[in-house]
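Per our numbering, the sequence shown runs over residues 9 to 302.
A short worksheet on the structure shown next.
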Amino acid sequence: GYVVMATLGRGLPGGAASWSSGFLPSNYGGSLFRNQGSPVLNLETPSALSAGMQRRTLDAVNDLNRQRLEQTGHPEIAARIANYELAFRMQSAAPDLLDLSGESKATLEAYGVDRQDKTGFEGSFARNCLHARRMVERGVRFVTLFLSTWDQHSNLDSGLATNTKISDQPVAALLKDLKERGLLEDTLVVWGGEFGRTPLGENRKGFAKVTGRDHHPYSFSLWMAGGGVKGGQIIGKTDEIGWGVTEDPIHVHDLHATIMHLFGFDHEELTYRFQGRDFRLTDVYGKVVKKLLA
């Protein structure tokens, strides 16, 4: 499965488009989980409906969907069948997933789940990081944690300080926890965003004393850990002010090709037919970055 969690109170720019399946069938899209209480609303089985009765009902619906699938071959019908099955499995697995009562006090403190300070959001992202570890343990294949926003066009000093205060402790705890449990070598952790910030200040009207940085797609960084990545190195170099890449550039297609390689896929061979054409997830570009591989 593919699970998405956002940080409580921080918003989520882009909404569901950020975890959609694109041109792939909808069952490849993410499932947005709440980080407190029931992860997905209305998952509870009604008291008057036994598990066996619910299973038979779902089987009957799926039989009808399969008949229609045989007639039309429409991929969205196959996706609907898969989504029904996922929802059925989530009824038993999801409630336990967010129950942290079995975690030790040391673990909760390491992540900072219950810490409080003036930003007011730390516990939410910390909780999500711990949930991510629990999901990996239970076989969830892909987890995305959103922490927004880093869009400091103004108030860079205070905004960046807030974001790092929210994220540093739980991210470090997650990596350490995965490693201690023997999960890190099989789990790829990627920390990044869709673009960077300019190396020059952005002086917006009315914010002369609290400047920020504008969007900058020409050079930016992210980090990766575990999952077959060779750690302890920096790949790439910018000019002296950080405006452009001068050494070992990595395009987003290269990044995707490398991630797919680490997952065991050949990005040049894996295609999906959509609207009469075979598509690669890296389009017609991308190369595996060998320096990244352990």
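Ideal Cβ positions, reconstructed from N, Cα and C, are used throughout, including at glycine.
C-beta atoms of residue i and residue j nearer than 8 Å
i	j	result
leucine 106	arginine 141	no
valine 218	serine 162	yes
glycine 17	serine 166	no
valine 297	aspartate 262	yes
alanine 265	threonine 290	yes
proline 33	glutamate 84	yes
aspartate 256	isoleucine 243	yes
glutamine 177	alanine 134	yes
tyrosine 280	phenylalanine 31	yes
Supposed contact pair residue j and residue i - C-beta distance, whole angstroms, cut 8 Å
i	j	result
leucine 153	cysteine 137	7 Å
valine 48	serine 39	7 Å
tryptophan 158	glycine 201	6 Å
Residues bridged to residue i [DSSP beta-bridge criterion]
i	result
valine 197	Ala233
histidine 224	Gly204
serine 132	Serine 132 is not bridged to any residue.
arginine 281	Asp286
methionine 143	The partner list for methionine 143 (beta bridge, DSSP) is empty, contrary to what the question assumes.
valine 69	In the DSSP output, where bridge partners are listed per residue, valine 69 has none listed.
threonine 254	In DSSP, threonine 254 forms no bridge with anything.
valine 148	For valine 148, which the question treats as bridged, DSSP gives no partner whatsoever.
Coil, strand or helix - residue i by DSSP
i	result
glycine 19	coil
lysine 187	helix
arginine 64	helix
arginine 123	coil
serine 55	coil
phenylalanine 154	strand
serine 34	helix
tyrosine 92	helix
glycine 209	strand
leucine 49	coil
serine 112	coil
glutamate 84	helix
lysine 298	helix
| task | Answer yes if the stretch 233 to 240 comes into contact with the stretch 185 to 202, meaning at least three C-beta pairs across the two stretches below 8 Å, and no otherwise. | result | yes
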